[in-house]
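Quick note on numbering that gives the first Met the number 0: the sequence shown kicks off at 0 and runs consecutively.
Just so it is clear, CB atoms sit at the ideal spot from N, CA and C, and this is done for glycine as well.
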Amino acid sequence: MKKKIQKNKDVQSVALTKKIPPEDMKKIIIKSFTRGIDSMSVLEELSSLQLSDFFKNQEQDKALANNFEKVALAFSLESGCILAESVPERYKSFCFELKKKLEQEFDCQTASEKAIVEQAVNAHIKTLSYSRLMNKHKEPEHLSPDKVNMLNFYSREIDRAHRQYISAIETLKFMKQPSLKVNIKTNNAFLAENQQFNSYKNQDNESK
C-alpha cells in the first residue's frame with residue numbers, strides 16, 4: 000500500500016514538473032482569458048447543467064440569463080438579436096421576417112452573406128422609419144424653419160438608407176453570381192505586341 004502511495008506521488012511530481020510546450024501554453028492562456036466570454040466556453044458551462052439546475056433562485060436566474068444573452072449575441076448572425084436592437088420596437092417582428100426571407104432568397108450560407116443581409120434589413124427599416132416620421136410631420140399647418148430643417152433631415156436620411164439598401168442587395172447579387180470560367184488556348188494567347196510582331200514577320204515572309 001505504501002509503495003502504491005509513493006508511486007502516485009512520484010507520478011504527480013513528474014506531471015507538475017513536466018514542461019508545457021509553447022503551443023499548449025498559448026492555448027491555456029487564451030482559454031483563461033476567453034472563459035466566460037467565448038461562446039463555446041459559455042455553452043460548455045451551460046451544457047454541463049441539468050434542467051433541475053435552472054431557475055432555482057433569483058441570483059442563479061440572473062447568471063443564467065446573462066449567459067443566455069452572451070450566447071445569443073455571439074450567434075447573432077443566426078439569432079438576429081443585435082440586428083433587432085438596432086431597429087425601433089414596432090419593426091422588430093418585421094426585422095426578423097425580412098432577414099429570414101432575404102437569407103432564403105439569396106441562399107445565404109456564409110457569415111459575410113448573412114452580415115450583408117443584416118445591413119440590408121437595417122437600411123430598409125431606416126427608410127420605413129424615417130418615412131413614417133416624415134409623414135407624421137407633414138401635416139397641413141404652418142411650416143416653421145425648424146420643421147423645414149427636420150423634414151430636410153428626414154429626406155436626406157431616407158435617401159442615404161435607400162442607397163445603403165440598394166448597395167447591400169447589389170453586393171449580395173454579385174456574391175451569388177456563378178464564377179466565370181474562361182478557357183484560353185495557349186497557342187492563341189499572345190500579347191498584343193507579339194501578335195503585331197508575328198504579323199509583321201508573316202508579311203516579311205510573304206514579300207520575299
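Asked	Found
Sequence-distant residues of its chain with Cβ nearer than 7 Å to A71 (five each side left out)	S78, C80
Among F105, T126, K61, D145, nearest to Q176 - alpha-carbon criterion	F105
Backbone CA spacing between A110 and A119 [nearest angstrom]	14 Å
Simplified DSSP state of I29, which is helix, strand or coil	helix
Cut-off 7 Å between Cβ atoms - residues of its own chain near I29, not counting five sequence neighbours on either side	none
CA nearest to the CA of S130, picked from V147, I157, A167	I157
Local conformation of L142 per DSSP, three classes	coil
8 Å contact criterion, which E102 and V116 should meet: CB distance rounded	5 Å
For H136 and E68, the rounded distance between their alpha carbons	37 Å
Cutoff 8 Å; reference A83; Cβ partners in own chain excluding five residues on either side	K91, C94, F95
Local conformation of F74 per DSSP, three classes	coil
Terminal residues of the alpha helix (DSSP H) in which S128 lies	110 to 135
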